[in-house]
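A short write-up of the structure that comes next.
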Amino acid sequence: FENRFIRYRFFFDRAEKFYVHMFVIVYMLFSYLSFGTFWIDVESGDRLGFGTSILFLMVAQDISSADVTPITQEFLWIGKLSLASKLLVLFTIIHSIVAMWILTKGFDGEDGSQEERENFIDTLEEKEPSRARSFKKLVFNRYCQAGNVFARIEIKEGDSKRLKREKKVRMADVTSFVLCFVAYTILVIILLTTRN
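Read in order, the letters of the sequence shown are residues 144 to 339 in the working numbering.
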């Protein structure tokens with residue numbers, strides 16, 4: 144029996160359904176729920192709180208998945224899904240903050256007169272070069288108009304500046320919702336097709 148070896152090859156097959164049901168579906172559900180942030184009124188604090196709560200839920204999900212996922216040198220598929228989901232939730236939170244700032248124009252309720260609040264953008268535009276101003280305005284208007292394909296919001300000449308801003312923010316919300324929904328769906332499809 145000298146110089147004879149017995150070789151064993153072990154393969155470990157993970158319980159794939161467990162990971163799909165306990166983590167993948169939950170990440171996807173939280174991500175799609177976070178896009179509901181775009182439908183909550185901008186002026187309510189619930190909008191920011193909702194997005195932040197979803198982010199905390201995802202972090203808690205990461206903590207619970209840490210015990211059952213292997214530690215490897217390569218970035219696992221479930222880690223990619225988790226990271227992409229959290230980045231999109233962060234986008235919804237940042238979008239909410241920007242939308243709130245646009246509506247309030249950087250003033251809180253006590254600072255500045257009503258006229259100062261209404262003319263805040265005009266003041267900023269005067270300080271910027273005209274090419275940069277027109278480009279930013281064009282990009283913002285195109286972004287808002289993209290969402291208006293679905294929202295069908297009309298900005299009328301008789302509308303106040305505040306109402307026009309609210310309508311533009313609503314159009315930007317719809318654009319962001321569609322963009323996030325489509326981008327996340329494509330990302331999930333790509334991850335599902337390339338996971339093996």
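Think of the CB as a built atom: it goes at the ideal place given N, C-alpha and C, for glycine as much as any other residue.
Counting along the chain, where does the alpha helix (DSSP H) carrying residue i start and finish?
i	result
I237	W220 to T247
T328	K304 to T336
K345	Outside the shown range of the chain (144 to 339) lies residue 345, about which nothing can therefore be said.
M165	That residue, M165, is in no alpha helix (DSSP H); it is neither H nor E in DSSP.
Does the distance from the C-beta atom of residue i to that of residue j stay below 9 Å?
i	j	result
T180	S225	no
L176	A326	no
F340	F324	As displayed, the chain neither begins before 144 nor continues past 339, which places residue 340 out of reach and without an answer.
K229	L198	yes
V211	M171	no
I236	L306	no
T318	Y286	yes
W220	L334	yes
M243	V282	no
K310	I298	yes
So what's residue i in DSSP terms, helix, strand or just coil?
i	result
S187	coil
Y286	helix
Q204	helix
K280	helix
G301	coil
D254	At D254, the pLDDT of 49 sits below 50, so the modelled position is not reliable; the number obtained from the coordinates is stated separately. Coil.
Nearest by alpha-carbon distance to residue i: which of the options is it?
i	options	result
F173	A203, F161, R147 and S187	A203
F155	P213, A209, F148 and G188	P213
S207	E217, Y162, D302 and E300	Y162
Tell me, to the nearest whole angstrom, how far the beta carbon of residue i is from that of residue j; I am working on the premise that it is less than 8 Å.
i	j	result
M314	I296	6 Å
V312	I245	6 Å
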